[in-house]
Each structure stands twice: as C-alpha cells, then as structure tokens.
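Numbering (the working numbering), first residue to last: 4 to 461.
Glycine is no exception: its CB is placed at the ideal position from the N, C-alpha and C atoms.
Just so you know, these numbers come straight off a predicted model, no measurement behind them.
One structure below.
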C-alpha cells in the first residue's frame with residue numbers, strides 16, 4: 004500500500020535491509036578487503052586519498068521485488084530496463100555509485116538510511132551532494148508529483164471529473180471518492196498531493212485521456228525533462244513491471260512541478276475540506292507531509308511507501324533566500340524517521356560553503372540532453388578519483404574544443420566550396436551554349452552557300 008507507514012513499521016526489518024546504500028557491505032575495496040560501513044560515518048579512504056567504491060548494482064534496474072507486484076502474465080516478457088546514458092545526465096560525477104561530495108565538505112549527518120539521496124539548489128539547479136544519484140529505485144507515491152505536473156499543465160482547475168466505481172475500487176491509500184460524484188480538478192490535485200489518494204490518481208488519469216494515455220504523458224514529460232531513469236507504469240506509484248526512477252530524476256521532476264502555481268498551492272496547503280464519501284457535508288483532508296509543520300522554511304513535499312520501494316521522499320525548503328530540494332529513495336523509518344533524515348540533509352546543504360554552489364558536483368538539466376550512445380550494461384565507477392575530486396576531463400575538453408573549432412571553420416569552407424562548384428557549373432554550361440551557337444551559325448552559312456551554287460531555294 005502507498006502510504007507513510009508508521010515510524011516503527013520497519014523496526015523488525017532485516018539488518019541488511021536497514022543498512023543498505025552506504026551501509027551495504029562493499030563488495031571490494033582497493034586492496035580487495037571487504038569493509039562494512041555504517042551509514043553516516045566518514046567514507047573509507049585508502050592511502051593516497053582514493054575512495055573505496057561500491058559496485059554499481061542498481062545502475063540498470065532497481066533491486067529485485069520482494070512480492071508479486073511486478074510479475075507479468077504467463078507468456079509475456081517483462082519490459083526491458085531503460086537504457087543507461089553513456090554520459091550521466093547532469094555531469095560525469097553524478098554517474099558515480101558512492102558518495103558524490105564537493106571538495107572539503109563537512110562530515111555527513113548520522114542516521115541517513117536511504118540507499119540513494121540528493122540535495123540540490125531548486126533555483127540554480129546546482130547539485131550540492133548525493134549518494135548514487137542515478138542509481139535506479141522504485142518511486143512509490145513520489146511519482147504522483149509527475150502525474151500532478153501533467154495535470155497542472157493540461158487541465159483547468161475548474162474542470163470537473165465524475166468519479167467511477169473503478170476509481171473507488173483502487174488499492175488504497177484513498178481519499179474517499181464517491182462513484183457518481185463530481186469533483187473539480189483543483190480538489191483532486193490537492194487531495195492527490197496532500198493525502199496521496201490512489202483513487203484520486205486514477206480519476207485524474209482518466210481525465211487525462213485514460214490510464215494508458217496518462218502514463219504515456221507522464222513518461223513523455225519525464226523524457227522531455229531529461230529524467231531518463233524514470234518509467235511510470237501506474238499513475239499512483241503502485242509497483243508494476245518496469246517501474247523505475249532515481250534520486251536525480253525525482254529532483255528534476257519536483258523542480259518542474261514547483262514552476263506551476265496549482266501544484267505549489269496544493270503542496271503547501273495543510274488542510275482542506277473535501278466532499279464526504281457518503282455524499283453529505285465534508286471531511287477534512289490533512290497534508291501528510293509533516294515537515295510543513297516541523298521544519299522551518301518548508302515549502303512542501305511528497306512521501307511514499309511500497310513493500311518493493313520502501314520509503315521514499317522529496318521535499319524543499321527555503322533559508323535566507325536559498326531554496327533546496329532533497330530526495331531520499333529506498334529508506335527506512337528506523338532508527339531515524341524519513342522526514343528527520345530529510346531535515347538533516349537539508350541542514351547539511353544549507354551549511355555548505357558558497358563554493359559548493361559555485362562549483363557543484365553536477366546540475367539539474369534544463370530539458371533533455373541530446374541523444375547519445377547508450378548502454379544497458381552497468382559501468383562501475385572508477386576507483387581513481389578521491390572524494391571531492393573531479394575526474395580528469397582534459398581529453399574530453401580537448402576533443403570538444405577541436406569539434407567546436409572544426410564546426411566554426413568547416414561551415415564557411417563548405418559554403419565557399421559550394422559557391423565555387425556552382426560557378427564552375429555555370430561556366431561549363433555557358434561554354435557549351437556558345438559552342439552550340441557557333442556550330443549552328445556555321446551550318447547555316449554552309450547551307451546558304453550550297454543553295455546559291457545549285458539554283459535551289461534555301
């Protein structure tokens with residue numbers, strides 16, 4: 004079920020599940036020694052400052068499902084994993100599987116259980132820090148941010164939607180729609196974001212042209228934004244075959260959503276009165292994002308949970324005129340609640356020096372990057388780059404400079420060559436016409452001379 008599970012719900016989870024991410028036992032380190040690392044502790048560093056890198060086990064697909072939610076019908080094949088861009092979207096460092104931190108960064112806060120996380124500037128797009136930013140996980144209800152963005156772009160807030168029995172029958176969490184009742188898009192958008200209603204998600208998806216159409220629009224928007232790790236398979240975030248996202252993509256999608264006033268209003272609203280399921284009066288719908296009331300400067304957010312995705316969260320906050328977005332995927336509520344983990348990472352981001360924004364580890368792109376060669380094979384991170392260091396890009400820079408120079412010079416050369424070819428062709432045709440004219444005049448002269456000599460009419 005998609006909901007924010009109780010804080011102690013995961014207390015009995017296996018230790019390995021709670022430790023995940025940085026807490027996962029590293030397959031190998033530079034000296035070939037296994038080294039378990041507790042999350043929140045300094046990253047292990049060997050002589051020479053080389054970071055021990057984890058294996059990129061989620062570079063292509065999320066971890067295996069723990070239930071039957073992603074089984075395909077007999078005789079059908081599961082969807083192929085999304086292609087992995089050869090050049091990580093947002094910058095090379097964002098393709099690293101471990102911690103991605105700016106130079107001379109402070110020690111990370113304790114208690115971060117998420118396997119993947121990211122902190123970025125919501126306005127400039129500067130990625131300040133992250134853990135396996137492009138590692139693929141399941142989104143759970145944070146995918147509703149993508150659905151809400153499509154709805155905000157396409158539907159008028161005053162448009163109406165009549166609920167159906169199919170809407171009401173969705174696997175809950177549900178707001179409590181009533182079959183046959185009419186709702187405005189504004190009401191549904193608020194209930195979708197505030198209370199994570201799966202019944203509302205289904206109703207909005209129908210209003211967008213039907214469930215398949217809505218999912219196509221969600222995935223088209225993700226691709227348009229450059230969220231190439233994301234594939235929505237349900238409008239609500241319920242797990243299904245092929246579902247995928249990443250911490251980077253969720254930040255990208257949330258940043259786009261925050262450009263739409265209808266979404267901003269919904270995500271910041273703490274309470275609304277919603278038509279009662281019984282048809283008489285209203286019932287309160289309260290925003291389930293507790294950071295709105297517990298974190299100073301909170302701008303709103305969205306949480307989610309499924310058995311396969313575990314806990315997910317995206318949210319934003321503002322401090323001293325600076326707005327940050329934080330994303331956590333595949334987290335646990337114990338020993339630290341997810342909203343408290345988000346708060347700690349936001350504090351960490353706000354406390355980073357200005358140099359972290361001036362020279363970020365990556366960027367949230369403005370639109371999809373140009374198509375590049377892609378692969379579906381995982382590509383482990385090089386172990387030759389220390390924490391906080393940027394990999395050597397001299398060759399790439401030189402290549403880019405050469406291509407740029409060639410592009411600047413090659414264009415004029417091609418144009419000049421084309422003009423020369425046209426001139427040569429014109430001269431050739433003119434020469435041929437002149438020769439033909441001389442031949443006709445010579446023939447006429449010969450004919451005239453022959454006519455005079457024989458007494459015949461010409």
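Alpha-carbon spacing of residue i relative to residue j, whole angstroms
i           : j           : result
residue 162 : residue 189 : 8 Å
residue 282 : residue 170 : 16 Å
residue 94  : residue 215 : 33 Å
residue 91  : residue 252 : 12 Å
residue 267 : residue 203 : 18 Å
residue 119 : residue 77  : 33 Å
residue 295 : residue 80  : 43 Å
residue 160 : residue 220 : 18 Å
residue 86  : residue 284 : 50 Å
residue 154 : residue 134 : 31 Å
residue 370 : residue 185 : 36 Å
residue 217 : residue 278 : 25 Å
residue 462 : residue 297 : Limits of the chain in this structure are 4 at one end and 461 at the other, which puts residue 462 out of reach.
residue 67  : residue 242 : 12 Å
residue 234 : residue 319 : 23 Å
residue 201 : residue 177 : 5 Å
residue 324 : residue 353 : 11 Å
residue 152 : residue 301 : 20 Å
residue 209 : residue 199 : 17 Å
Host alpha helix (DSSP H) of residue i (start-end)
i           : result
residue 251 : 250-260
residue 343 : 341-354
residue 205 : 201-210
residue 107 : Segment: none, residue 107 is in no alpha helix (DSSP H) and carries neither H nor E.
residue 224 : 214-228
residue 295 : 294-297
residue 155 : 147-157
residue 269 : 264-271
residue 361 : 357-361
Neighbourhood of residue i by C-beta distance below 7 Å, restricted to the same chain and skipping five residues each side
i           : result
residue 287 : 274, 276
residue 65  : 139, 140, 141, 247
residue 244 : 73, 75, 81, 82, 236
Integer Cβ distance of residue i from residue j, believed to fall under 8 Å
i           : j           : result
residue 248 : residue 142 : 4 Å
residue 489 : residue 331 : In the structure as shown, the chain begins at 4 and stops at 461. Residue 489 is therefore absent and cannot be evaluated.
residue 121 : residue 136 : 5 Å
residue 131 : residue 355 : 6 Å
residue 124 : residue 327 : 6 Å
residue 165 : residue 183 : 7 Å
residue 305 : residue 144 : 6 Å
Beta bridge counterpart(s) of residue i as assigned by DSSP
i           : result
residue 276 : 287
residue 165 : 185
Heavy atom of the ligand GDP within 6 Å of residue i beta-carbon
i           : result
residue 365 : The ligand GDP is absent from the structure shown, which contains no ligand whatsoever.
Contact set for residue i: own chain, Cβ-Cβ below 6 Å, skip 5 residues either direction
i          : result
residue 31 : Low local confidence applies: a pLDDT of 29 at residue 31 is under 50, so the model's placement there is unreliable, with the coordinate-based value given in what follows. Cβ neighbours of residue 31 beyond the five flanking positions: none.
residue 3  : Residue coverage of the chain in this structure runs from 4 to 461, which leaves residue 3 outside it and unanswerable.
residue 61 : 138, 139
residue 96 : 103, 364, 365
Sequence-distant residues of its chain with Cβ nearer than 8 Å to residue i (five each side left out)
i           : result
residue 343 : 114
Start and end residues, beta strand (DSSP E) containing residue i
i           : result
residue 321 : 313-322
residue 309 : 301-309
residue 143 : Per DSSP, residue 143 belongs to no beta strand (DSSP E) and is neither H nor E.
residue 122 : 119-124
residue 326 : 325-334
residue 97  : That residue, residue 97, is in no beta strand (DSSP E); it is neither H nor E in DSSP.
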